[in-house]
Amino acid sequence: MMQAQRLGSVRPSMILGLVQKARSLAAEGKPVIDLGIGEPDFTTPDHVKAAAIAAIGADETRYTVVPGTVALREAIRGKLARENGLDYALSEITVSNGAKQVIFNALMATLSPGDEVIVPAPYWSSYPDIVAVAEGRPVIVDCPQEQRFLITPEQLEAAITPRTRWLLLNSPSNPTGGVYSRADLAGLAAVLARHPHVHVLSDDIYEHLMFDGHRFASILEVAPALKPRVLVVNGVSKVFAMTGWRIGYAAGPQEIVTAMNTVQGQSCTHAGSISQAAAVAALTGPTDFFAGRARSFEARRDIVVAALNAVDGIECLVPEGAFYVYPRCAGVIGRRTPAGEVIGSDTDFCRYLLEQHFVSAVPGAAFGLSPHLRISTAAPAEALRSASARIAGAVNALT
Ligand SMILES: Cc1ncc(COP(=O)(O)O)c(C=O)c1O
Numbered sequence: 001m002m003q004a005q006r007l008g009s010v011r012p013s014m015i016l017g018l019v020q021k022a023r024s025l026a027a028e029g030k031p032v033i034d035l036g037i038g039e040p041d042f043t044t045p046d047h048v049k050a051a052a053i054a055a056i057g058a059d060e061t062r063y064t065v066v067p068g069t070v071a072l073r074e075a076i077r078g079k080l081a082r083e084n085g086l087d088y089a090l091s092e093i094t095v096s097n098g099a100k101q102v103i104f105n106a107l108m109a110t111l112s113p114g115d116e117v118i119v120p121a122p123y124w125s126s127y128p129d130i131v132a133v134a135e136g137r138p139v140i141v142d143c144p145q146e147q148r149f150l151i152t153p154e155q156l157e158a159a160i161t162p163r164t165r166w167l168l169l170n171s172p173s174n175p176t177g178g179v180y181s182r183a184d185l186a187g188l189a190a191v192l193a194r195h196p197h198v199h200v201l202s203d204d205i206y207e208h209l210m211f212d213g214h215r216f217a218s219i220l221e222v223a224p225a226l227k228p229r230v231l232v233v234n235g236v237s238k239v240f241a242m243t244g245w246r247i248g249y250a251a252g253p254q255e256i257v258t259a260m261n262t263v264q265g266q267s268c269t270h271a272g273s274i275s276q277a278a279a280v281a282a283l284t285g286p287t288d289f290f291a292g293r294a295r296s297f298e299a300r301r302d303i304v305v306a307a308l309n310a311v312d313g314i315e316c317l318v319p320e321g322a323f324y325v326y327p328r329c330a331g332v333i334g335r336r337t338p339a340g341e342v343i344g345s346d347t348d349f350c351r352y353l354l355e356q357h358f359v360s361a362v363p364g365a366a367f368g369l370s371p372h373l374r375i376s377t378a379a380p381a382e383a384l385r386s387a388s389a390r391i392a393g394a395v396n397a398l399t
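Numbering (UniProt numbering), first residue to last: 1 to 399.
What follows is the structure, encoded as structure tokens:
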């Protein structure tokens, strides 16, 4: 096989590999509870589905312009103004096939070989690999549980070099559910003020899934002066439960958005026209169901956190948003399974959980901070109770 050099340090998605394995076991009839994938278990709202059907009926089936239809960019402009207090021109907004491709376009458009991107770990597993595809260098900064999995101003200051192009920020976070408070963001903004060459990619995709009465804050709300170097990334996948529709978007400085459109114009051209019409309905329609969805994820978080913290060897911080918990499993490392295998890492532990107890979770290794596992709470409460009980049984069976 003739493989491009730039793929040398790119790993295939460990999560998608695990999902595949869990599905094969389920197909063999095993009682798998899949808490591996980061996908809401709600359905796309009916008015969104209706808008897509209407768009098909109206023959909205041709190429659109590269950055997304005017209607969709108007809808995004309205959303950013209404919900985030941000003002963008249509030309500063671009739409792509999911937030993942938005991030891909941004990094492909702005990184030259060797440029550095600061990635706080644990990170969404695609970040360093997208940086690598774009021939940049991910600078991973360890942010352990003791600091709520968040990068500190001191760590940021120490990580910045003349080659730094971006800081990737994600709050609420996948995989930890960690949330940067206004004070946290103000601390980071003060460092960024001293380093005008560093841009921020603010991945706000979980903004509406906040718990315990907290309100989402973006770095631009706290430090509006950073606007010329912040790219706001968002999408409809999570709170609207539209993962398969593949619509994400970004708003930011004109030169960056224009360069992203150049990448897109020479790759996928644009996001699907029917999905774009659906996203217009999502972003201009009712939002009253957001709070109910957030409360539902909060209740499920509580089930998992309480059950896992009762297991000797597992410690679980209380996530403040998104739909993941990220327990530390240091207490199981070095122990033996009933079959005599030593659990040497979180990857071994997740393999044991899946193969012997049919619970699929993702090892912390996929997110750059071990020994942990990520459990998605986007599953029915009963499944979460059973899965937690199986994890407790699995740990208790270790010697
Ligand atoms: C932090 C984060 N950013 C971006 C994405 C990509 O979302 P999508 O491409 O479905 O819009 C995800 C999906 O899991 C995510 O967790």
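Think of the CB as a built atom: it goes at the ideal place given N, C-alpha and C, for glycine as much as any other residue.
Query: Residue 400 and Arg301 look like a contact to me (Cβ under 8 Å); what is the Cβ gap, rounded to whole Å?; Result: Here the chain comprises residues numbered 1 to 399, so residue 400 is not present and cannot be evaluated.
Query: May I ask you to verify whether the stretch 280–287 touches the stretch 66–85, counting CB pairs closer than 8 Å and requiring at least 3?; Result: yes
Query: For the beta strand (DSSP E) that contains Val141, what are its first and last residues?; Result: 137–142
Query: Considering Cα atoms alone, identify which of Phe42, Ser9, Tyr180, Thr110 is closest to Arg163.; Result: Thr110
Query: Given 8 Å as the limit, is there contact between the stretch 176–185 and the stretch 319–326, that is, 3 or more CB pairs closer than that?; Result: yes
Query: Please go through the same chain and pick out, in chain order, the residues whose beta-carbon is closer than 6 Å to the beta-carbon of Arg374, but skip the five residues on each side of it.; Result: Pro175, Tyr324, Tyr326, Val362
Query: Which one or two residues does DSSP pair with His121 in a beta bridge?; Result: Per the sequence shown, residue 121 should be read as Ala rather than His. The partner list for Ala121 (beta bridge, DSSP) reads Asp142.
Query: Kindly provide the ranges of any alpha helix (DSSP H) runs that are 4 or more residues long and lie completely inside the stretch 18–60, ordered along the chain.; Result: 46–57
Query: According to DSSP, is Arg215 helix, strand or coil?; Result: coil
Query: Taking the alpha-carbon of Arg293 as reference, which of Gly364, Ala366, His214, Met210 has the nearest alpha-carbon?; Result: Met210
Query: As a quick check of your reading: which residues have a C-beta less than 6 Å from at least one non-hydrogen atom of ligand 1, in chain order?; Result: Gly38, Gly98, Ala99, Lys100, Trp124, Asn170, Asn174, Asp203, Ile205, Gly235, Ser237, Thr243, Gly248
Query: Residues bridged to Tyr324 by DSSP?; Result: Ser376
Query: In the DSSP assignment, what are the bridge partners of Tyr249?; Result: Val95, Asn234
Query: Looking only at C-alpha atoms, which of Ser13, Val66, Ile33, Pro113 sits nearest to Cys268?; Result: Val66
Query: Could you please give me the residues that DSSP links to His199 through a beta bridge?; Result: Trp166
Query: Is it buried or exposed for Asn97, if we count other Cβ within 10 angstroms and need 16 for buried?; Result: buried
Query: Cα-Cα, which of Val139, Leu192, Arg390, Ala379 is closest to Glu298?; Result: Ala379
Query: Can you tell me the Cβ-Cβ gap for Asp142 and Asn170, rounded? I've got them flagged as a contact below 8 Å.; Result: The pair is not a contact, with the Cβ atoms about 16 Å apart (cut-off 8 Å).
Query: Per DSSP, which one or two residues make a beta bridge with Met210?; Result: Gly321
Query: Per DSSP, which residues does Val342 bridge with? Please list them.; Result: Arg336
Query: For Ser273, collect the residues of the same chain with a Cβ closer than 8 Å to its Cβ; drop the 5 residues on either side in sequence, then sort them by chain order.; Result: Ala55, Glu60, Thr61, Arg62, Tyr63, Thr64, Thr69
Query: Could you spell out the range, first to last residue, of the alpha helix (DSSP H) harbouring Pro153?; Result: 153–159
Query: What span of residues does the alpha helix (DSSP H) with Ile205 cover, start to end?; Result: It is not in any alpha helix (DSSP H) - Ile205 carries neither H nor E in the DSSP assignment.
Query: With DSSP as the reference, identify every bridge partner of Glu116, one or two as the case may be.; Result: Arg137, Thr164
Query: Pick helix, strand or coil for residue 400, following the three-state DSSP scheme.; Result: Outside the shown range of the chain (1 to 399) lies residue 400, about which nothing can therefore be said.
Query: Suppose contacts are defined by Cβ-Cβ distances below 8 Å. Is Val139 in contact with Ala159 by that definition?; Result: yes
Query: Compute the Euclidean distance between the alpha carbons of Ile15 and Glu92, then round it to the nearest angstrom.; Result: 33 Å
Query: Determine the closest residue to Ser95 out of Val236, Gly17, Pro224, with distance taken between C-alpha atoms.; Result: Per the sequence shown, the amino acid found at residue 95 is Val instead of Ser. It is Val236.
Query: Please report the residue range of the alpha helix (DSSP H) in which Glu298 lies.; Result: 289–309
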